[in-house]
Each structure stands twice: as structure tokens, then as C-alpha cells.
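Taking it in order: structure first as C-alpha cells, then the write-up.
Protein chains: 2
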Amino acid sequence: MRFTIDKEQFQKGLAAAARAVPSKSTLPILANLMLDLNEKGLEVTGSNSEITIRCTVPYRKDDKEIIRNVGLGSTLVNAKKLVDIIRAMEGEEVSIEVIDDAIMKIDDDRSSFRLNCIKAEEYPDIDLEPSGTLLDISCATLTGLVEQSAFAASLREQRQILTALHLEAENGKLIATATDSARLARKEVAIDSEVRFTANIPARLISDIVKMFDNAQTVTLSVSDRKMLFDFDRTVVSSRLIPGDYPLTRSIIPQNFNDTLEANAGELLSAMNRVRIVSNESEAVVTLSMREEEVEVSAKSDASGSALEKISTFQYTGDRLEVSFNSQFVIDAIRALRSEDVVICFLGEMKPFVVKNPKDDSVVELITPMRTF
Amino acid sequence: MRFTIDKEQFQKGLAAAARAVPSKSTLPILANLMLDLNEKGLEVTGSNSEITIRCTVPYRKDDKEIIRNVGLGSTLVNAKKLVDIIRAMEGEEVSIEVIDDAIMKIDDDRSSFRLNCIKAEEYPDIDLEPSGTLLDISCATLTGLVEQSAFAASLREQRQILTALHLEAENGKLIATATDSARLARKEVAIDSEVRFTANIPARLISDIVKMFDNAQTVTLSVSDRKMLFDFDRTVVSSRLIPGDYPLTRSIIPQNFNDTLEANAGELLSAMNRVRIVSNESEAVVTLSMREEEVEVSAKSDASGSALEKISTFQYTGDRLEVSFNSQFVIDAIRALRSEDVVICFLGEMKPFVVKNPKDDSVVELITPMRTF
């Protein structure tokens with residue numbers, strides 16, 4: 001393998017694929033990037049046990065030659081070393097040559113590196129061909145869907161299915177649901193397709209993947225039993241899926257409520273963020289005390305003390321009510337709404353309550369209260 | 374104790390003193406700040422076993438009233454909670470009242486906090502009165518002295534005296550020396566005083582202290598057997614000293630050399646930073662290969678490969694010479710010189726070499742080479 005490549009484009013491709021490379025792995029071969037120079041361009045692949053990223057640097061881009069002086073071939077080389085070296089090199093172009101499948105020469109006008117490398121055949125088999133159900137969706141739409149729901153997934157591995165973001169496509173809608181069993185977030189978007197599928201993708205992974213979209217406009221999803229592929233802007237990302245059935249959640253979101261608080265999202269967030277300072281940090285329980293004339297946000301802890309604030313902008317309809325909750329859950333929910341105003345609907349002191357955007361029914365956040373006595 | 378205080382000035386005072394508060398300590402009382410409202414103003418004190426910081430918020434500053442509605446007194450309150458609460462409060466003024474030595478009420482127009490607090494008498498005795506030898510020095514001068522020397526101190530606690538920055542005042546000079554036994558840095562500055570003292574202050578601590586100077590112009594040092602005080606801009610910092618004699622280092626800096634390399638500091642730094650990427654990261658050995666026509670910087674490791682660069686701007690006088698060293702030591706030394714050009718003076722392949730600023734003899738960096746065979 002041999003090529004001379006525009007340094008900036010090479011660096012971008014390496015950085016994208018290297019996001020999948022584990023810093024430590026039980027499989028030492030995965031510390032490498034696979035470089036494959038073929039008729040499509042330079043394919044750079046990085047992988048760990050959960051995710052694979054392949055980024056293709058094309059021969060030409062916008063009439064500019066990116067790769068020249070080409071000899072096709074492939075190799076494996078340590079990801080961290082190669083990324084660090086290319087980042088540190090000063091020239092506009094870098095020349096690469098692999099000798100005897102063992103040494104990669106990397107040169108520009110100033111510097112000359114020799115990196116040990118390995119035959120590409122030693123890399124695990126990776127299948128990045130689309131299979132199963134296909135769906136084109138705008139990157140902005142998918143990003144919003146994920147950002148408004150995935151945070152509610154469980155971080156604990158004990159019940160693995162709850163670490164997933166559950167995706168369900170049917171009737172021209174794509175619905176994302178996440179729950180850690182104490183809270184639930186659900187967001188739906190319209191899609192321009194009648195496809196049907198369900199998939200349980202690790203919430204952490206899809207949250208990382210949507211951050212890779214950069215300026216890409218559209219992403220093609222392909223969903224099969226075992227994996228989900230994201231194809232966008234010369235990049236293909238493959239994520240493992242979590243096997244098993246996702247719990248049925250639709251029926252647990254109440255539709256009718258007794259008491260409703262409408263408030264300014266910013267004011268409510270600031271008040272909660274302040275009063276929770278006195279709470280026990282691992283729990284951070286905050287209490288909302290509501291009556292039609294007055295709404296108070298408060299917190300207390302035996303170790304530290306107590307805190308109290310009155311809310312100035314609100315409308316409360318219902319009986320006198322006091323509800324306590326993990327403040328982080330409500331803060332996450334309000335932020336995910338992306339709304340200036342927020343509506344919180346209650347059924348009673350110890351019943352799950354719903355946090356909503358008054359102008360947008362596509363997103364629902366459900367939270368279970370906590371006892372404070 | 375009772376007072377109403379300008380929030381911004383209060384926050385600054387708390388933040389300064391809280392820098393000394395340990396995040397964890399075997400002495401739980403040190404998790405608190407001491408607040409003492411006396412005739413000087415509000416003294417805020419934070420401490421750990423090594424360092425104590427006292428910051429005084431004055432009653433008035435530049436004709437502006439800072440503290441009003443005063444009832445003298447003192448108390449102890451959890452540093453982290455108080456700092457977080459005052460930072461989060463939105464009003465321009467904060468009112469504090471301590472009730473029964475047990476509860477601190479903290480109020481502004483919007484929020485109302487009650488923090489548990491403790492009698493001030495429970496705090497360890499802290500003596501921040503100046504004693505021993507006094508020296509006034511410009512903050513900029515002391516900062517330069519520390520930054521150009523303290524990095525060479527040892528980080529290992531095995532030989533505690535080598536974790537010190539050794540300060541020595543005599544004959545109108547203040548000399549700072551640090552060494553971890555593989556390298557040594559020495560910087561001297563003129564002082565406007567004939568005081569004599571020596572002190573071994575933990576290098577880590579004095580490096581932190583000079584970062585606190587902000588806009589202060591002059592600092593008054595007071596050096597006694599056990600501690601060193603820094604008094605600047607309404608702030609007093611006390612640091613422990615390390616007992617024992619510092620090794621005699623003056624005679625180990627060679628005065629005459631066989632071979633001399635003069636080079637551009639920036640070019641040499643970039644080249645070393647690039648080639649060391651292939652080195653074993655914990656060691657990062659780099660080799661300089663010099664002859665009068667050519668200077669090369671190189672590195673190699675069995676695991677990764679090798680790297681080589683030629684330097685373009687240099688003047689080398691001497692025999693053909695190859696010297697290998699811990700590249701971090703030379704990078705630290707060159708950076709500490711703060712010079713566009715750098716002179717490196719050699720006595721031979723395995724003899725300690727000196728890194729100097731060609732235009733400034735006040736700072737000397739000595740480095741022991743490493744074997745690579």
C-alpha cells in the first residue's frame with residue numbers, strides 16, 4: 001500500500017474511525033485502525049466489541065485531489081500512534097508506504113516516521129453491508145429524538161434491556177422510549193416511510209453516534225436482528241443491539257390528571273438547582289409544595305440544613321399538594337423538553353407525574369415521586 | 374454573628390479561602406471554612422494539614438460599602454455547601470445570621486437557606502502572625518522565580534527533601550533550586566534587601582500559591598523554622614516547610630563545556646514533541662545527534678517504530694556527539710527558559726548537560742542523559 005494524502009482530510013478520517021477504538025481492550029488487535037485503500041478511496045475502520053466506525057476518505061472532493069500516487073492495499077496500525085503522529089505533522093500532504101506488511105513509512109517535508117504494522121487479515125471480520133429494514137431520516141430529526149429520550153435509560157447493567165433506547169417504527173412514526181423504571185421518556189417523530197421495525201440499541205451508543213453527524217443532512221438506518229447501521233456522509237457506523245423484549249410501557253403513561261402546574265422552565269430549573277445544594281448529593285430530593293396562591297420549591301437534609309424558594313411565575317390548578325422527587329430526574333426532563341414553559345401533571349402525592357411541553361405533545365416525561373418521611 | 378454583604382466580594386473571599394479546604398481529610402473539621410467578622414472585616418479561613426489561606430473581605434472598598442448591618446462574631450460552616458450556595462444565589466447582596474451557634478440563615482430576595490454550623494472554637498489553632506525573617510518582593514518576580522524552577526522538584530515522597538523548592542536569600546539575591554536528582558533547575562533574582570534565610574517549601578504548594586496572586590503587586594514573605602507566610606492583597610497564606618538540610622547543589626553545575634548547540638526553542642520543542650510520539654510513553658527517550666553540518670532529533674521503540682527529524686536553524690560547535698535523554702526533562706527546561714533561542718552545553722555523551730538562555734544567566738537547567746543501549 002502506498003499513497004500521498006491531504007493531511008487535513010486524512011486526519012479527519014482517522015479521528016472519526018478512532019472514536020470506536022477502545023483505550024483498553026481484552027482484544028489487543030482492536031487497538032489498531034484498519035487502513036484499506038481500494039477503488040472507493042481510503043477506508044479507515046475502528047472497532048470495539050460494541051461499535052464499528054468506517055470513514056472513507058475519497059480520491060477527490062470538490063474538484064480537489066485528496067489522494068494521489070496510489071498503490072492499493074491494506075494494513076493495521078496502532079490507532080493512537082497514527083492519530084498523534086498525523087496531528088503533529090506540519091506539512092499539507094503526508095506520504096504513506098507500507099513495506100513488507102510490517103513497516104509503515106510516514107513522511108512529510110520535515111519528519112520521517114516508521115511505525116510497526118500488521119497484516120489486515122488479522123483484523124476481526126466486520127460486516128458493514130446494510131441488511132434488514134432501511135429508513136432514511138434527517139440527521140437533525142434523529143438527533144432530537146435521541147436527545148429528548150435516551151437520557152432516561154438505565155446506567156446499571158443489572159437489567160441490560162433497560163440500558164437500551166427502544167426504537168419502534170410503525171404507521172409513519174418513529175417512537176423512542178427509555179426508562180430506568182423510576183422515570184420514562186418517550187418521543188415520537190413523523191417519518192416519510194411505512195416501514196415497521198423495533199430495535200433496542202444501547203442508549204449510550206446511539207447518544208454518541210448522533211454526535212458524529214456534524215454537517216451531514218440525512219442518515220440511512222438499516223435495522224436487522226443483531227445490529228443497526230447508520231450510513232451518513234462517507235461514514236458507516238454499526239452498533240450492536242440488545243437482545244430480548246423491551247417492557248410494554250405505553251399503558252403506564254396516565255392520560256387524565258387531577259392537578260396541573262404550569263411554570264417557567266428557566267425559573268423552575270434555577271430554583272431546583274439552588275435548593276438541591278443542601279440535599280444529600282447522591283439523592284438530591286426536592287419537594288414542590290403547591291396551592292393555587294403559592295408554589296414553593298424546597299429541600300432539606302439532616303446533615304446540611306434546608307432551603308426554600310417561592311416561584312414567581314406559575315399557574316396551579318388543583319388541591320393543595322406536596323410532591324417530592326429525585327431533582328435530577330425533573331431537571332433532565334425539563335431540559336429535554338426544550339421549551340420556555342413547562343406543564344407538570346399530577347395524580348397525587350405518590351403517583352407518577354408527567355412533565356410536558358404545553359405546545360408539543362410529541363414528547364412525554366414520566367417520573368415516579370419519592371417518599372421523604 | 375450577623376451581616377449583609379456584597380455577594381460578589383463575599384464569593385471571591387470564600388473561593389480564595391476554600392482553595393485550601395481538602396476534598397477529603399482525616400480531620401473532618403477542616404471541611405469547614407471559619408468565618409470571623411471582627412474590626413478588620415470578614416476573615417474567611419480555610420486550611421488543610423499543609424496550607425492555610427485567610428482572606429479578609431473589608432467593610433468598605435473604593436468608597437463602596439461591602440458589609441453592613443453588622444453584629445460581630447464567628448462560626449464554622451461547611452465550605453463546599455456555602456461556596457455552592459453563594460455562587461448560585463442571584464441577589465446582589467446576601468444576608469447572613471447565625472442563630473445559637475448552630476444554624477446559619479442565608480437569605481436574599483429570592484432564596485432562603487439554613488445551614489448547620491459549628492462553634493468557631495472547635496477549629497484547630499492557626500497562627501498567621503508574621504515571625505522570623507521578612508522580605509518584600511514583587512509578585513511578578515516571585516512568580517517567575519517559582520515557575521522557572523519548581524517543575525524540577527521530585528514528585529515522589531520517598532526522599533521528601535527533594536519535593537521541596539529550596540529558597541536561599543543572601544547578598545541581595547534570592548536563589549531557588551529544585552532537583553529530582555536526574556535534573557536540576559536553578560533561578561536567581563535580585564532582591565532589594567540584605568536578609569539571609571533558607572527555606573525548603575513543598576514545590577507543589579508554592580506553585581499553587583503564586584497562582585493566587587492575581588492582580589497583587591507585592592507580597593511580604595515571612596520565613597521562620599516551621600512555616601513560611603505570604604501576605605498579599607488582603608490575603609495571608611501559610612505553608613508548612615520541609616525539615617532537614619537540602620543537598621548541596623552549587624558545585625554540580627559544570628562551568629566549562631566541550632560542545633555547544635544553539636537552536637531555535639520553538640523548532641526544537643516541536644521536533645521533540647513529534648518524534649517522542651513513537652517512544653515508550655512512560656520514558657519518552659529522545660536522541661540528539663549533532664555534528665557541525667547537521668543536527669537530528671530522533672526516537673525509537675521496539676513496540677512502535679522510529680522517528681527522525683532534521684533541525685533547520687542551529688549552530689553546533691564541537692565533535693560529533695549523540696546524547697539521549699528523557700524528552701520531558703528537556704521540554705520542561707526549554708519552556709522554563711522563556712527564550713526564543715536556547716543553548717545546550719555538553720561535556721560528553723553520558724555527562725550532565727546544561728540548557729540555558731543565551732541572553733540570561735540567571736536561570737540554569739541541568740539534565741542527566743540516559744543510556745539507550
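Same order as they appear, the protein sequences are chains U and P. Using the working numbering, you'd call the opening residue of the first sequence number 1 and step up by one each time. Using the working numbering, you'd call the opening residue of the second sequence number 374 and step up by one each time. We put the beta carbon where it would ideally sit given N, CA and C, even for glycine.
Between residue i and chain U, is any beta-carbon pair separated by less than 9 Å?
i	result
Arg647/P	yes
Asn451/P	yes
Ile476/P	yes
Leu681/P	yes
Val651/P	yes
Lys454/P	yes
Glu747/P	In the structure displayed, chain P extends from 374 to 746; residue 747/P sits before or after that span and is not available.
Asp457/P	yes
Asn489/P	yes
Glu667/P	no
Distance cutoff 9 Å, beta carbons only. Does residue i sit that close to anything in chain P?
i	result
Gly305/U	yes
Met290/U	no
Glu340/U	no
Phe113/U	yes
Ser270/U	yes
Met1/U	no
Arg110/U	yes
Ala199/U	no
Glu90/U	yes
Alpha carbons only, please: which of the options is nearest the one belonging to residue i?
i	options	result
Ala164/U	Arg196/U, Met228/U and Ala190/U	Met228/U
Ser286/U	Glu293/U, Gln11/U, Arg274/U and Glu292/U	Per the sequence shown, residue 286/U should be read as Val rather than Ser. When each option's Cα is compared against that of Val286/U, the closest is Arg274/U.
Glu122/U	Lys24/U, Ala15/U, Ile29/U and Ala263/U	Ile29/U
Ala657/P	Met645/P, Asp457/P and Thr591/P	Met645/P
Thr514/P	Ile564/P, Ser527/P, Ile476/P and Val456/P	Ile564/P
Leu710/P	Ser735/P, Asn653/P and Met374/P	Ser735/P
Val737/P	Val716/P, Ser662/P and Asp457/P	Val716/P
Arg374/U	Leu82/U, Leu128/U, Glu39/U and Asn171/U	Absent from the structure is residue 374/U, since the part of chain U shown begins at 1 and ends at 373.
Thr336/P	Ala706/P, Phe383/P and Ser662/P	No answer is possible for residue 336/P: the residues shown for chain P start at 374 and end at 746.
Pro627/P	Asp480/P, Lys724/P and Leu449/P	Lys724/P
Ile66/U	Ala88/U, Glu93/U and Ile86/U	Glu93/U
Leu174/U	Glu8/U, Ser23/U, Val195/U and Asn256/U	Val195/U
Asp606/P	Met585/P, Asp632/P and Thr622/P	Met585/P
Pro497/P	Ala638/P, Gln382/P, Asn421/P and Glu695/P	Asn421/P
Helix, strand or coil, according to DSSP, for residue i in the structure here?
i	result
Val651/P	helix
Arg664/P	strand
Ala358/U	Note that residue 358/U corresponds to Pro in the displayed sequence, not to Ala. Coil, per DSSP.
Pro401/P	helix
Ala185/U	strand
Asn646/P	helix
Ser238/U	strand
Ala164/U	strand
Gln158/U	coil
Am I right that residue i and residue j are in contact with their C-beta atoms under 8 Å? What's the rounded C-beta distance?
i	j	result
Ala572/P	Ala525/P	About 17 Å separates the two Cβ atoms, so there is no contact after all.
Leu681/P	Ser697/P	Wrong, their Cβ atoms sit about 14 Å apart, outside the cutoff.
Met34/U	Thr45/U	4 Å
Leu162/U	Ser181/U	6 Å
Leu155/U	Lys187/U	So it is not a contact: roughly 19 Å between Cβ atoms.
Glu262/U	Asp341/U	6 Å
Val237/U	Ile103/U	With a Cβ gap of about 31 Å, Val237/U and Ile103/U do not count as contacting.
Ser312/U	Glu267/U	7 Å
Ala452/P	Ala404/P	6 Å
Ile201/U	Leu269/U	Incorrect: roughly 29 Å between the Cβ atoms, too far for contact.
Cβ of residue i within 8 Å of any heavy atom in the ligand GDP?
i	result
Glu520/P	This structure lacks the ligand GDP; in fact it carries no ligand of any kind.
Would you call the region 113 to 122 of chain U and the region 670 to 682 of chain P touching, i.e. three or more CB-CB distances under 8 Å? yes
- [ ] Check whether the region 472 to 484 of chain P touches the region 514 to 523 of chain P, taking contact to mean three or more Cβ pairs, one atom from each stretch, closer than 8 Å.
- [x] no
Three or more C-beta pairs under 8 Å: does that hold for the region 328 to 340 of chain U against the region 353 to 364 of chain U? Verdict: yes, contact present.
Please determine if the region 58 to 65 of chain U and the region 240 to 253 of chain U are in contact, where contact requires at least 3 C-beta pairs separated by less than 8 Å.
no
Contact the region 91 to 109 of chain U vs the region 659 to 669 of chain P: 3+ CB pairs below 8 Å: no
- Task: Answer yes if the region 586 to 603 of chain P comes into contact with the region 503 to 521 of chain P, meaning at least three C-beta pairs across the two stretches below 8 Å, and no otherwise.
- Result: yes
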